[in-house]
Every structure is written in C-alpha cells, then in structure tokens.
Amino acid sequence: MAPTGRPTILHADLDAFYASVEQLLDPALRGRPIAVGGGVVLAASYEAKRFGVSGGMSGARARQLCPDLLFVKGHFTEYQRLGDQVMAILEDFTPAVQRISIDEAFLDVTGAVHLFGPPDIIGTKIRRRVREEVGLPISVGAASNKHLAKIASQVAKPDGLVVVPPDGEEAFLHPLPVGLVWGIGPVTQAKLADRGIRTIGELAGSSEDALRSLLGKALGAKIGTLARNDDRRKVTANGRAGSVGSQSAFGRHDIDPRLVREVLGNLADRVAARLRAKHRAGRTVTVRVRFVVPGAPGRSITRSRTGPEPVCTTLTLAEIAEGLVHQALDDHPRETQISLLAISVSNLVDQPVLQLELPVVSDSPLRPGSPTGSARWAVDHSVDRVRERFGKAAVGYASVALGGRGGVPDEFRELAEKEL
Ligand SMILES: [Mg+2]
C-alpha cells in the first residue's frame with residue numbers, strides 16, 4: 025500500500041477477453057451476441073451479457089436467455105499470443121507488472137509517474153495503446169491498493185478507466201455490491217444476502233466474529249479485511265521464484281498406488297496452476313517421498329527428472345511425478361509405509377507461446393505443441409478461467425487428470441480437442 029494513499033496501483037483487465045478476440049479475428053462477429061464454447065459458455069461478448077449470458081453457464085441456459093446467441097469455438101493459441109502482446113505493452117510503463125491471469129495484471133506505477141504522468145494519464149495511455157496496437161478493449165482501475173484497483177477496473181467495464189481518489193475510497197467502495205470483493209463468489213454472496221448484507225459498506229460494518237461464523241475462519245477474516253479497505257499486498261513482478269512446489273503430509277499410510285495417484289494429482293494440480301498463473305514452466309520435476317521409520321522422524325528421498333521440454337500442464341506433471349514416485353518406491357522394496365509426498369518444479373523458463381506441431385511425428389504429451397500437449401494446455405486454461413470466476417472448488421481436476429471420473433466437464437475437453 026502506498027503510504028501516501030495515492031492511487032499508484034493499476035489493475036488492467038481485458039474486456040470479455042475470449043469473446044473480444046473472436047470478434048477481432050472475425051469481423052462478421054462484431055456487434056453480435058456471441059459465446060465461446062458450446063455445452064458450457066466459457067466467455068460471452070458484451071452483446072450477449074446484456075441478455076444475462078455469462079461464463080460458466082450451460083449452453084442450453086444461455087440459448088434460452090438469448091435465442092440469437094452465436095456459439096463459436098475458441099482459438100486458444102490466439103488468446104495466449106494476444107494476451108502476451110498486451111502484457112508487453114504494460115511492461116513498457118513499469119517493470120512492476122504482476123500478471124495474474126491470461127488477460128489481467130496489476131502494475132505498480134509509483135516509479136513511472138515522473139516519466140509518463142499521473143496514474144490517470146498512464147491508464148489512458150495504456151488503454152489507447154492496447155486498442156491501437158492489439159485491437160482489444162481493456163479496462164483500467166487505479167487506487168492505492170490492489171483490491172481497490174481491481175474493483176475499480178470492474179466498475180470501469182466495459183472499456184473504461186476509473187481512478188479512485190485518495191479521499192474518496194470509502195465513498196466509492198461502500199455502495200458497491202459485495203460480489204465485487206475478491207473471494208466472494210455466487211455461493212458466498214447468497215449466504216451474505218440471507219443475513220441482509222448486500223453492499224460492501226454493510227460488509228465492512230459486520231463484526232469479524234459474525235463473518236467468521238458465517239463463512240469460516242479464513243475466508244471470513246480475509247473478506248472482512250478487504251471490505252474495510254485494508255489490503256497491504258504488494259505488486260510482485262512475475263518470474264522471480266526459482267521453483268514452485270507443494271507437499272502433502274497425510275500421516276502414516278500403507279503404500280497404495282491409488283493413494284499415490286490421488287495425492288500426486290492434487291499436488292500437480294496446485295503446482296501446475298501456480299506455474300501457469302506466473303506464466304512459467306519448468307524443465308526439472310522433483311518428487312519427495314517420506315518413508316515411515318518406526319520410532320524415528322522418517323526418512324525422505326527424492327527423485328528428479330530433467331527433460332528437454334518445460335512442463336506446466338496438470339496432467340503431464342502428474343504423470344511425470346507418478347513415474348518418479350514409483351521409481352523411488354521400486355528402489356526401496358522393503359519400505360511399507362509413507363507419510364508425505366511432495367512435487368516441485370524448477371529450472372523455470374517463461375512459458376513460450378504455444379507452437380502447434382503438425383501431428384506427423386509421434387505425439388507426446390511432453391511437448392507443449394504436440395496434439396496431446398496442446399489439448400492439455402487448452403483444458404488447463406479453461407479450468408483456470410472457471411476457477412478464477414467461481415473459486416477453486418468449481419472444477420475438480422485431479423480425478424480426471426489421473427483417469428478417474430467427474431471433474432473437468434466434457435465440454436472443455438471437446439473444445440480443447442476441436443481447437444486442434
Ligand atoms: Mg478480463
């Protein structure tokens with residue numbers, strides 16, 4: 025948080041990104057209500073949103089709301105290419121750009137004002153350059169902290185700029201609906217509405233105890249803090265970390281391939297999603313297995329693999345990790361119990377623009393541009409998008425990633441495969 029309270033944090037967010045790209049690619053779609061997807065709406069154009077169509081909705085429901093709705097298939101490689109192009113424009117203004125998804129980023133422009141002017145001028149310049157050079161509408165919010173800047177960009181939509189003045193933050197925030205607070209999805213919103221809490225002001229006035237008992241300890245505390253406009257998170261430029269990892273301790277457990285598969289599926293999901301959020305991928309995958317040793321703290325061993333292709337898709341990471349853990353177990357045939365598994369990915373590189381390969385040689389999920397590799401990439405991006413809107417629990421990945429049932433809706437898979 026800028027100590028002066030000046031609006032030096034910007035949140036830049038492309039409007040209806042997937043749908044806008046489709047309208048950019050095909051002029052016949054401009055001005056028309058379109059939805060990217062089929063069985064499920066992945067994104068809707070503003071013309072379709074006016075009818076109440078929105079991402080995550082079933083195709084059948086969307087068609088009911090908007091009978092003229094036009095469904096188009098997604099061009100995922102174009103989304104990545106154009107998203108990257110926009111990020112490069114943002115980086116012309118400051119190196120402090122934190123990309124948080126394919127189409128949005130925070131910028132700390134504290135050090136840029138002497139070069140480009142005050143935040144409202146920077147916001148205007150960004151919007152003009154993205155419009156002229158990429159051809160897409162982008163909304164920008166500016167405020168003294170990240171949460172407020174993100175809300176400002178949502179209020180600015182479509183295709184607008186909102187700067188929250190330092191002396192008007194609460195006046196801006198309090199009348200807005202609670203659904204704009206980070207972390208409040210439709211379910212939480214309904215719970216709050218049951219208690220008569222509809223605006224951020226009403227939320228800010230609720231006691232922390234009440235919110236904790238209604239929403240759970242962690243979420244209640246987080247949401248209460250944000251509603252009171254207390255957000256001290258800094259903008260951290262992407263790509264600093266040397267590795268991304270996660271571990272799961274599950275108490276002593278007999279070695280069981282199903283347990284291994286399930287735990288690694290969840291870990292791979294978490295690690296790969298974090299890599300994608302940072303727009304990174306890694307060549308080295310390391311797993312750690314902790315064996316239970318009676319009367320001792322346990323014994324950890326690691327196995328790793330470095331490949332030619334950087335990995336960031338959930339499925340591929342899970343498969344590599346599973347192979348490594350089985351190697352480790354095979355090397356220790358006398359061990360019978362494990363208590364922890366961990367995955368980490370290192371040797372990180374910037375995630376390249378996906379180059380689709382022609383399926384002439386052998387298909388391999390390890391190569392991001394191969395048919396299987398790119399289908400996995402596209403599915404992951406769809407999952408990331410849905411989670412961004414509806415929370416992590418909205419799409420369970422692990423069971424599907426590892427050959428189980430449930431989880432990723434078939435529509436995402438279909439869409440991903442059609443794109444090939
Ligand atoms: Mg967006």
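Going by my numbering, the letters in the sequence shown line up with residues 25 to 444, in that order. Using N, Cα and C, we set each Cβ at its ideal position, and we do this for glycine too.
- request: Thinking G55 and A68 are a contact (beta carbons under 8 angstroms), I'd like their distance in whole angstroms, please.
  value: Start at 1 with the first residue of the sequence shown, and residue 55 comes out as number 31. Start at 1 with the first residue of the sequence shown, and residue 68 comes out as number 44. With a Cβ gap of about 14 angstroms, G55 and A68 do not count as contacting.
field: Continuous beta strand (DSSP E) assignments of at least 3 residues falling wholly in the region 267 to 300
entry: 267 to 278
Environment of I175 [buried if 16+ CB atoms lie within 10 Å]: Indexing the sequence shown from 1 puts residue 175 at position 151. The residue in question, I175, is buried, as its Cβ has 16 or more Cβ neighbours within 10 Å.
message: Once the 5 residues before and after P383 are set aside, which same chain residues still bring their CB inside 7 angstroms of it?
response: In the sequence shown, the residue the question calls residue 383 occupies position 359. Residue confidence for P383 is low, a pLDDT of 46 falling below 50, so the modelled location carries little weight and cannot support an answer.
query: For the putative contact between S328 and V309, defined by C-beta atoms under 8 angstroms, what is the C-beta separation to the nearest angstrom?
result: Translated into the one-based positions of the sequence shown, residue 328 becomes position 304. Translated into the one-based positions of the sequence shown, residue 309 becomes position 285. Yes, S328 and V309 are in contact; Cβ-Cβ is about 6 angstroms, under 8 angstroms.
Burial state of I126, where buried means 16 or more other Cβ atoms lie within 10 Å: For the purposes of this step, residue 126 is taken as the residue at position 102 of the sequence shown. Flag for I126 reads buried.
query: Which first and last residues belong to the alpha helix (DSSP H) in which L5 is found?
result: Examination of residue 5 is not possible in this model, given that the chain is present from 25 through 444 alone.
query: CB-CB under 7 angstroms to Y42, same chain, minus the five flanking residues each way: which ones, in chain order?
result: Working through the sequence shown from its first residue, we reach residue 42 at position 18. Closer than 7 angstroms at Cβ, skipping near neighbours: V60, L66, A67, G98 and Y103.
query: Can you give the beta carbon distance from G207 to L243, rounded, assuming they're within the 8 angstroms contact cut?
result: As a first step, residue 207 is located in the sequence shown; it is residue number 183 there, counting from the start. As a first step, residue 243 is located in the sequence shown; it is residue number 219 there, counting from the start. Correct: roughly 6 angstroms between the Cβ atoms.
- prompt: Terminal residues of the continuous beta strand (DSSP E) containing H303?
  reply: To locate residue 303, count along the sequence shown from 1; it is residue 279. Where H303 is concerned, there is no enclosing beta strand (DSSP E), given that its DSSP letter is neither H nor E.
For L139, the residue or residues it bridges with in DSSP: As a first step, residue 139 is located in the sequence shown; it is residue number 115 there, counting from the start. In DSSP, L139 forms no bridge with anything.
- prompt: Which residues share a DSSP beta bridge with G165?
  reply: Here residue 165 refers to the residue found at position 141 of the sequence shown. Partner(s): H35 and V186.
query: Counting along the chain, where does the alpha helix (DSSP H) carrying S394 start and finish?
result: Position 370 of the sequence shown, counting from 1, holds the residue named residue 394. Here S394 belongs to no alpha helix (DSSP H), and DSSP marks it neither H nor E.
field: Three-state secondary structure assigned by DSSP to T223
entry: Here the question's residue 223 lines up with position 199 in the sequence shown. If DSSP states are grouped into helix, strand and coil, T223 belongs with the strands.
task: Thinking S370 and G306 are a contact (beta carbons under 8 angstroms), I'd like their distance in whole angstroms, please.
output: Here residue 370 refers to the residue found at position 346 of the sequence shown. Here residue 306 refers to the residue found at position 282 of the sequence shown. Confirmed, Cβ separation roughly 6 angstroms.
- request: Decide yes or no for the touch test of the region 139 to 150 against the region 222 to 235: beta carbon pairs closer than 8 angstroms, at least 3 of them.
  value: no
task: With DSSP as the reference, label G192 as helix, strand or coil.
output: Locating residue 192 in the sequence shown gives position 168, where the first residue counts as 1. G192: helix per DSSP, three-state reduction.
task: Quick one: residues with CB closer than 6 angstroms to any heavy atom of ligand 1, in chain order, please.
output: D37, L38, F41, D127 and E128
message: Can you tell me which residues form a DSSP beta bridge with D116?
response: Within the sequence shown, the letter at position 92 stands for residue 116. Bridge partners of D116: none, in fact.
message: Below 8 angstroms on the Cβ atoms is my contact criterion, and I expect V453 with S177 to pass it. Report the Cβ-Cβ distance as a whole number of Å.
response: Residue numbering for the chain in the displayed model covers 25 to 444; residue 453 lies beyond these limits and cannot be assessed.
- prompt: Whose CA, out of I124, M81, G63 and V158, lies closest to the CA of L106?
  reply: In the sequence shown, the residue the question calls residue 106 occupies position 82. Closest by alpha carbon: V158.
query: So who's on the other strand from G61, going by DSSP bridges?
result: If you number the sequence shown from 1, residue 61 lands on position 37. Answer is V65.
- request: Can you grab the Cα-Cα spacing for the pair R44 / K181, in whole Å?
  value: As a first step, residue 44 is located in the sequence shown; it is residue number 20 there, counting from the start. As a first step, residue 181 is located in the sequence shown; it is residue number 157 there, counting from the start. Reading the sequence as shown, one finds Ser at residue 44 and not Arg. The straight-line gap from Cα to Cα measures roughly 13 angstroms.
At least 3 beta-carbon pairs within less than 8 angstroms: the region 282 to 301 vs the region 339 to 348: yes
message: Once the 5 residues before and after V186 are set aside, which same chain residues still bring their CB inside 6 angstroms of it?
response: One-based indexing of the sequence shown puts residue 186 at position 162. Excluding sequence neighbours, V186 sits near G165, A176, V179 and A180.
task: Report all residues from its chain with a CB closer than 8 angstroms to the CB of D408; omit the five preceding and five following residues, and keep chain order.
output: Start at 1 with the first residue of the sequence shown, and residue 408 comes out as number 384. Only S125, I126, A297, R300 and A301 meet the Cβ criterion.
query: Going by DSSP, which residues form a beta bridge with L131?
result: Sequence index remark: in the sequence shown, residue 131 carries index 107 (1-based). In DSSP, L131 forms a bridge with L34 and V121.
Neighbourhood of A136 by C-beta, 7 angstroms cutoff - its chain only, sequence neighbours within 5 removed: On the sequence shown, position 112 is the one that residue 136 refers to. So the list reads F117, T118 and I146, once near-sequence residues are dropped.
field: Counted within 10 angstroms of its Cβ, other Cβ atoms place D434 as buried (16 or more) or exposed
entry: Translated into the one-based positions of the sequence shown, residue 434 becomes position 410. Here D434 scores only 39 on pLDDT, less than 50, and its place in the model is too uncertain to base an answer on.
- prompt: Candidates R74, H356, P161 and F196: which alpha carbon is nearest E128's?
  reply: Locating residue 128 in the sequence shown gives position 104, where the first residue counts as 1. When each option's Cα is compared against that of E128, the closest is P161.
- prompt: Hey, how far is the Cα of H303 from the Cα of R123?
  reply: Counting from one through the sequence shown, the residue named residue 303 turns up at place 279. Counting from one through the sequence shown, the residue named residue 123 turns up at place 99. Using only the alpha carbons, I get a separation of about 8 angstroms.
C-alpha gap between S168 and V121, whole angstroms: The residue labelled residue 168 in the question sits at position 144 within the sequence shown. The residue labelled residue 121 in the question sits at position 97 within the sequence shown. Computed Cα separation, rounded: 16 angstroms.
message: Just verifying my parser: in three-state terms, what is the DSSP assignment at D92?
response: For the purposes of this step, residue 92 is taken as the residue at position 68 of the sequence shown. In the structure shown, D92 sits in coil (DSSP, three-state: anything other than H, G, I, E or B).
message: For F130 and D191, what's the separation of their Cα atoms in angstroms?
response: Start at 1 with the first residue of the sequence shown, and residue 130 comes out as number 106. Start at 1 with the first residue of the sequence shown, and residue 191 comes out as number 167. Rounded to the nearest angstrom, the two C-alpha atoms are 22 angstroms apart.
- prompt: Cα separation between A261 and L172?
  reply: Here the question's residue 261 lines up with position 237 in the sequence shown. Here the question's residue 172 lines up with position 148 in the sequence shown. Between A261 and L172, the C-alpha separation is close to 19 angstroms.
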